Amino acid sequence: MMRKTSEKAGFPPGSLVHIGEKKAEKAKITLMEYGPDQVREKRVASISELLPLKEAPGIVWINIDGLHDTGVIEEIGEVFKIHPMILEDILHTRTRPKVEALDDGFFLVFNLLYRKEGGGIFSEQFSIIFGSNFVISFQERENQLFDPLMDRIRNEKSRIRKKGADYLAYALMDTVVDSYFIILEAFEEKMEAMDEELIASLSRQTFQSINDMKRSLITLRRAVAPLREIINTLRENDAGLIDEGNLIFFRDIHDHVLQIQEIIDIYRELASGLHETFLANVNNRTNEIMKTLTMTATIFIPLTFIAGIYGMNFKYMPELEWRYGYLAVWAVIVGVVGIMFYFFKKKNWL
Amino acid sequence: MMRKTSEKAGFPPGSLVHIGEKKAEKAKITLMEYGPDQVREKRVASISELLPLKEAPGIVWINIDGLHDTGVIEEIGEVFKIHPMILEDILHTRTRPKVEALDDGFFLVFNLLYRKEGGGIFSEQFSIIFGSNFVISFQERENQLFDPLMDRIRNEKSRIRKKGADYLAYALMDTVVDSYFIILEAFEEKMEAMDEELIASLSRQTFQSINDMKRSLITLRRAVAPLREIINTLRENDAGLIDEGNLIFFRDIHDHVLQIQEIIDIYRELASGLHETFLANVNNRTNEIMKTLTMTATIFIPLTFIAGIYGMNFKYMPELEWRYGYLAVWAVIVGVVGIMFYFFKKKNWL
Amino acid sequence: MMRKTSEKAGFPPGSLVHIGEKKAEKAKITLMEYGPDQVREKRVASISELLPLKEAPGIVWINIDGLHDTGVIEEIGEVFKIHPMILEDILHTRTRPKVEALDDGFFLVFNLLYRKEGGGIFSEQFSIIFGSNFVISFQERENQLFDPLMDRIRNEKSRIRKKGADYLAYALMDTVVDSYFIILEAFEEKMEAMDEELIASLSRQTFQSINDMKRSLITLRRAVAPLREIINTLRENDAGLIDEGNLIFFRDIHDHVLQIQEIIDIYRELASGLHETFLANVNNRTNEIMKTLTMTATIFIPLTFIAGIYGMNFKYMPELEWRYGYLAVWAVIVGVVGIMFYFFKKKNWL
Amino acid sequence: MMRKTSEKAGFPPGSLVHIGEKKAEKAKITLMEYGPDQVREKRVASISELLPLKEAPGIVWINIDGLHDTGVIEEIGEVFKIHPMILEDILHTRTRPKVEALDDGFFLVFNLLYRKEGGGIFSEQFSIIFGSNFVISFQERENQLFDPLMDRIRNEKSRIRKKGADYLAYALMDTVVDSYFIILEAFEEKMEAMDEELIASLSRQTFQSINDMKRSLITLRRAVAPLREIINTLRENDAGLIDEGNLIFFRDIHDHVLQIQEIIDIYRELASGLHETFLANVNNRTNEIMKTLTMTATIFIPLTFIAGIYGMNFKYMPELEWRYGYLAVWAVIVGVVGIMFYFFKKKNWL
Amino acid sequence: MMRKTSEKAGFPPGSLVHIGEKKAEKAKITLMEYGPDQVREKRVASISELLPLKEAPGIVWINIDGLHDTGVIEEIGEVFKIHPMILEDILHTRTRPKVEALDDGFFLVFNLLYRKEGGGIFSEQFSIIFGSNFVISFQERENQLFDPLMDRIRNEKSRIRKKGADYLAYALMDTVVDSYFIILEAFEEKMEAMDEELIASLSRQTFQSINDMKRSLITLRRAVAPLREIINTLRENDAGLIDEGNLIFFRDIHDHVLQIQEIIDIYRELASGLHETFLANVNNRTNEIMKTLTMTATIFIPLTFIAGIYGMNFKYMPELEWRYGYLAVWAVIVGVVGIMFYFFKKKNWL
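Below you can see the structure in the form of structure tokens.
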């Protein structure tokens, strides 16, 4: 759950050390420049290509996939004059979601959440720096999450083409928050499945699944909790960066975050309910087993005693000589069984 | 519990996509226009009929039943100049209860709660837009909840006829909040029934009922919790929209909401109490079963041993030859049983 | 616990509908008018008798017992010009304790709590309206709670005779809050009794008593919790109504409320402790029963096996022919029992 | 835990009724008057002796031991012009710890906590009134808690001799708060002892001890919780009464109170841990007992069956005639036992 | 967990009494003086050597290892004019982490946490006083925690050489906070190990480990919780002491503290999960044992009864004479076993 932050423990603050999986491949840098009338896309090989962009007339979106390539991050930092502590936060992929006001923009950190194969979720870091006419986004790995957004930019009739960098930043955040809803829906299906599974099975796996669910909800809550504060900061700190007319969009995300938090709380309660149901079912089964044992033993132990009595070898046991002694014993046995059944019935144990 | 918000995940923000059950029938639009002296009711077929209403002298209440008909919603949005994000909230039927101040009015979202056949509750969305002289309400389905309110409008002596659109909005909210009380009463009856059921039955159904009750209370709490903030916002933001003299009515709703929240909290504690009682009863029963087994086994196992002893086939077992050996064994048996009963009695197990 | 608020659901707001038990008898109206030098008491038959009181020189206390008589309440509302929403709160006997500032006075709602015969408590509503020189109090039923207060008014040396209507209002509140202390003491005695009962008895009744205690504490907390806010409002809103020198008395009630809340919290924890003790005792007893069964079974089952062996009818069983075979078997049996006892002793099970 | 506050229920507010144990002896009044250069100590017999003190040049500390002597308290109230409600709080020994600003001083209430013989703690009330040059302290009983403080006053080199009445009040509070630390240490020792006791013993006494510990922590928390607010009030309200340079001392008490609260919280969690450990140990033991029973029964019940088979008296049972039948049965028995042991071993039950 | 604060109980406030282990050796005092161009290190034997440092041009860092040497602390207090209450806090090694603004600097207290050999953590106190050009740090024992920081100071290219005393204070705090991350990682490994241990073992040790983990998390939380407030105080109180440009570093620590608190919360929930898993596993095992017993007993008890029947010695038992009676009994036995197995299979108990 926590990656080795201690790898960084010896270094001075502001050191550009990537926390996470090291890979050989270079970071992938893609560029979109767009305005109401045009859109330009490009795969960038060298950071120096980005330099002329600073004077570009449209909105510039630079996306970097792959934080292990610290050289690239450092160069970008130099080109766009980013404070070393911000770069450190970008690379230190366990940074808590947060916002920081820069001189001429905002720095934002989010968690992208993915579902693991066997259930559970894992988290990657997604950082954005945006100013009046540019957005730089940093992802740990390449992924398809933002493809629909790119398509909207390519579509000349879409609203995003007429809006500024603040709207692009909003659209990125919105995509991230929407992805949490998809995870929540997966959780809901899982829970419904588990509800039924609980009736049939009481295995250790089921119990483990409930625990995994709880842990995933903790991870999700951890990703979502700081978002409200982030959006409030954005809405209040608008030093001209966020257009008045776009505030309604940020408020919309704020509402979604509230809603996600509520759903998480509900799911946590439901998961506790599943847990309790599991324990109650286990208890129930133990009780059923107990009942079977009790009834068998309670019926047969006295009978065995009766049989034992007449298995004794005393010389003088008058009953043994009786003509219908054996039949009488059977009669007693049947009588005892009958009384017991009546007793169990009355006690509501059958 | 959560409808598929992900259906919307691909669309740009502000898209008018209805979240919920799709139906073929058209939305039903009803219109009431009233003042101290007159009332006019009409079933509206086309949105264009609503246009002249904007200049009407009285209070105009437009009610739309059926959100699946996105075309109608869109047209209304155009006629009344409603921001697309507001329309999106109206259609996105999982919006959290909230208030938003518009340029010349308020937008409100509530949950209507209904009891399901087999226990449990489900929730529908109810939105209101109101301005200085109009109220537009949006419901997912047609229902009878507001019929008494309509009757009051039709009655020329009722207070509502002399009041403005703010009072109509209040009356709608009041009706919604009162409907929560009815649900709470149903819960109370259910709980009292369950209290007695718990004594007789320890079935899995009973346990499930308690869990369902808990879930319903969560849903209810979720519908009620945002209402306090909503009413506070309305009372503070009164840009001339809410008449000073009507504030007392909104405060009254506020008090009711507080009361509902308290009752929900109490019911949650009571439901936990039921849960604990259930577990204690299950435990109790297991104990009773255990006691029966223990006493049967504890009494008969030693007796069977005694019988077993004299069932042995040793050549030299002097007791077997005794005249009253058999009687002596019975005496021993009766003695052992007596001692055991005394012991159980002393231990308070009988 | 909750009376049928739904009886009111159809009516417009401000309707004077009594929620609670309907009775045939008329409301009982008593009147006290007093000043430093004189006191006048009267049983009032018709509301019109109250009219001249508005100009009376002393302090006027009108007490109404019986809210089912809505006609009387309505008339009083007309005489004293009380807003219909306030009258509604007086009659709607499930109103949450609260304070409301009126134009020339305060409206207060409290809960009177009574202990039921078989344990548990029930709650009645007590409302006060007080202005600069009058107090009107509304009770659901006649009761003796305020008799000592009346005696103090009748005593010409008592402080209350020299004070204003604010002090009378304080004295009424003080009496209500003091009555909570008496209930708390009853709870304490009950708890101490239960502490001892828990040692002797593990019946379902005991468990039920603990649960009832918890519920009563919830009811009590619900009555007390809003009082702090009420008193703070009174102390801050003093538009000349509350004498500066009397503020210390209201602060005193505030301290008492704080203390009651703390005691309730402590009792809730103690009740949880009783609950845990109950469960632990039940567990303990099950363990004891288990131990008895285990030891009996563990000792006698092997012995019965030994006896069973020598009860077999094989032709060639040399032991059966031995002279001291039978004695040897007894020796083995005694040995086995000895070993078992040693084992149990070592395991600390005896 | 709660003394009978109801004894007071009938009396008007401000009545001087002592709540607590009544005793015959008179209250003990001691007096210390000191300055940088001199100290004067005296046992006071009559309140009138205190009158000239009001003009004394040094700091005056009057200590009253014994609140049952209401006459003395009343006289002091007259001499020092103390409001009757303050006197009531002094005598009503269940007052919550609090501070009240007087015209020319402060009134403070604390709890002195003592450990009972058999574990548990009980609480007494300690009140202080202090002004610019005097401190009056009220204790329920005589005790040695403040003896070291008196010794410091007697020592002419100590800091306290050079300071004002505010420092003396601080020193008294500090002594009270330090006494809580001593109780906490006793708790810690108790807990460590219990940690070991839990391994050896599972008696009801141990369980009771854990519960007593929890209750004592509640009492302690109740005494400590209001102290933070008290000290904050003192630090803010300094109408010249508290010397700027002495504020650091009050801040120091504030830190200690914070620390005590944290330790209480930790101990509460530890006590819960002990509780859980107790239950787990009880469970563990039941499991062990179960295992013994299971293994004995599971081994011998089938064996007894085998023996039973060959104890049957059928005419035609060929095995009975075999030469080595008896030996074969023993072989089967040994085989069954072996298989069972292997099975238990594999299941990790041995 | 708590050292004997009571050792101090008798002393007047401000007494320099060391709380903690007493040792004979003298305190070790090291000195670093540095600026952009030079660095000077020295082991100091006598406090008088420190006097000229007050006029030194660079940044001065004095580190004292060993608080048992109260004489040294007192001398330092005199040289640097530190208030006796501050010195008391330095020596009283159970002081809660805190910050205090001095006339010309800040006083800070932290906890250094170390992992014990057998699991668990213990805490030592680390105090800093820093002003515009000096930092004095106090540790209970010598340790290597700050060696990398010293190396950075020795390196003339490092940022720290160009910064002021506020940056040095930051670097010390950062080192402390980073050390908490290392402890958290150890916890994570321990938890993962325990996750697997839980499957194999249900011993009391495992249970104890979970409890120890919980206690350690409480200790850690106690060390971390006050840090947020400390850093906020530092950031707000910057009376010129903290450079504007260094605020970002303190904000960075603030973010780390938030992150640690979140991780602690998550670990506490995970530890609760482990606890529940442990109990569920214990339950599971008991169930398995029960099942074995039940099935053995339920199968063999009736069979033994059958065998017992035909072991009776009645004269007239026709079955005994049958040619295939013995075979028939075996047939019945096999039949009964078959039915039972079918029943168990159906009940899903196998």
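So the protein lines, in turn, are chains A, B, C, D and E.
The opening residue of the first sequence carries number 0 in numbering that gives the first Met the number 0; numbering runs sequentially from there.
The opening residue of the second sequence carries number 0 in numbering that gives the first Met the number 0; numbering runs sequentially from there.
The opening residue of the third sequence carries number 0 in numbering that gives the first Met the number 0; numbering runs sequentially from there.
The opening residue of the fourth sequence carries number 0 in numbering that gives the first Met the number 0; numbering runs sequentially from there.
The opening residue of the fifth sequence carries number 0 in numbering that gives the first Met the number 0; numbering runs sequentially from there.
Heads up, the beta-carbon is just placed ideally off N, CA and C, and yes, glycines get one too.
All of these numbers come straight from a predicted model, not from anything done at the bench.
- E:F299 has a beta carbon lying within less than 7 Å of a beta carbon in chain D.
- Contact with chain A is absent for B:N286, since none of that chain's Cβ atoms lies less than 7 Å from the residue's Cβ.
- Bounds of the beta strand (DSSP E) holding D:L107 are 104 to 114.
- Spanning the alpha carbons of B:R221 and A:I262 requires a straight line of approximately 9 Å.
- The alpha-carbon separation between A:E187 and B:L15 amounts to approximately 25 Å.
- At a Cβ-Cβ threshold of 7 Å, D:F249 and D:I230 count as neighbours.
- If you draw a 10 Å sphere on the C-beta of A:D146, you find fewer than 16 other C-beta atoms in it, and that means exposed.
- Between the stretch 104 to 120 of chain D and the stretch 176 to 185 of chain D, the count of C-beta pairs closer than 8 Å reaches three or more; the two stretches touch.
- In the three-state reduction of the DSSP assignment, E:K161 falls in the helix class.
- Counting the other Cβ atoms within 10 Å of the Cβ of E:Q143 gives fewer than 16, which makes it exposed.
- Apart from the 5 residues on each side of it in sequence, A:V59 sits with its Cβ closer than 6 Å to the Cβ of E32, L52, F133 in its chain, given in chain order.
- For A:D242, same chain residues with a beta-carbon under 7 Å away, outside a window of 5 residues either side, are G163, D165 in chain order.
- Ranked by Cα distance from B:A55, the options B:A224, B:V38, B:R203, B:G337 are led by B:V38.
- In the DSSP assignment, E:Q204 falls within the alpha helix (DSSP H) that extends over 203 to 223.
- By the criterion of at least three beta-carbon pairs nearer than 8 Å, the stretch 95 to 111 of chain C is in contact with the stretch 211 to 225 of chain C.
- Between the alpha carbons of E:V328 and D:M311 lies a distance of about 10 Å.
- Residue environment: D:G76 is assigned as buried (16 or more neighbouring CB atoms within 10 Å of its CB, all protein chains considered).
- In this structure, D:F121 is the residue among D:F121, D:R160, D:F105 with its C-alpha nearest to the C-alpha of D:M212.
- Put simply, the stretch 258 to 274 of chain C touches the stretch 202 to 216 of chain C. At least three CB pairs are less than 8 Å apart.
- Residues of chain A with a Cβ closer than 7 Å to the Cβ of E:K314 are, in chain order, L319, E320.
- Pairing A:E196 with A:T205 gives a Cβ-Cβ distance under 7 Å.
- Residue contact check for D:G307 against chain E: a CB pair falls below 7 Å.
- The residue among A:K314, A:T303, A:W348 with its C-alpha nearest the C-alpha of A:I332 is A:T303.
- At a beta-carbon threshold of 7 Å, the residues of chain D lying near C:N283 are R203, ordered along the chain.
- C:R95 and B:L257 do touch by the CB rule: their CB atoms are close to 6 Å apart, below 8 Å.
- Looking at the DSSP output, D:Q138 shares a beta bridge with D:D64, D:F125.
- When the five nearest sequence neighbours on each side are left out, the beta carbons in the same chain lying within less than 6 Å of the beta carbon of E:I61 are those of L30, I135, in order along the chain.
- For chain E, none of the residues of the stretch 103 to 122 of chain A brings a beta carbon within less than 9 Å of one of its beta carbons.
- Between the alpha carbons of D:D102 and D:F125 lies a gap of roughly 21 Å.
- Distance from the CA atom of E:D150 to the CA atom of D:R151, rounded to whole angstroms, is 50 Å.
- With a threshold of 16 other beta carbon atoms within 10 Å, D:E141 falls short and is exposed.
- A straight-line Cα-Cα distance of about 18 Å links C:F343 and D:N280.
- For C:T303, the chain B residues whose Cβ falls inside 8 Å of its Cβ are I300, T303, F304, G307, in order along the chain.
- Taking 8 Å as the upper bound on Cβ-Cβ separation, chain E lies near residues H82, M84 of the stretch 62 to 84 of chain A.
- Only those residues of the stretch 238 to 259 of chain E whose C-beta falls short of 7 Å from the nearest C-beta of chain A are listed: I247, F248, D251, D254, L257, Q258.
- Membership of C:V98 in the beta strand (DSSP E) is indicated by the continuous run 97 to 101.
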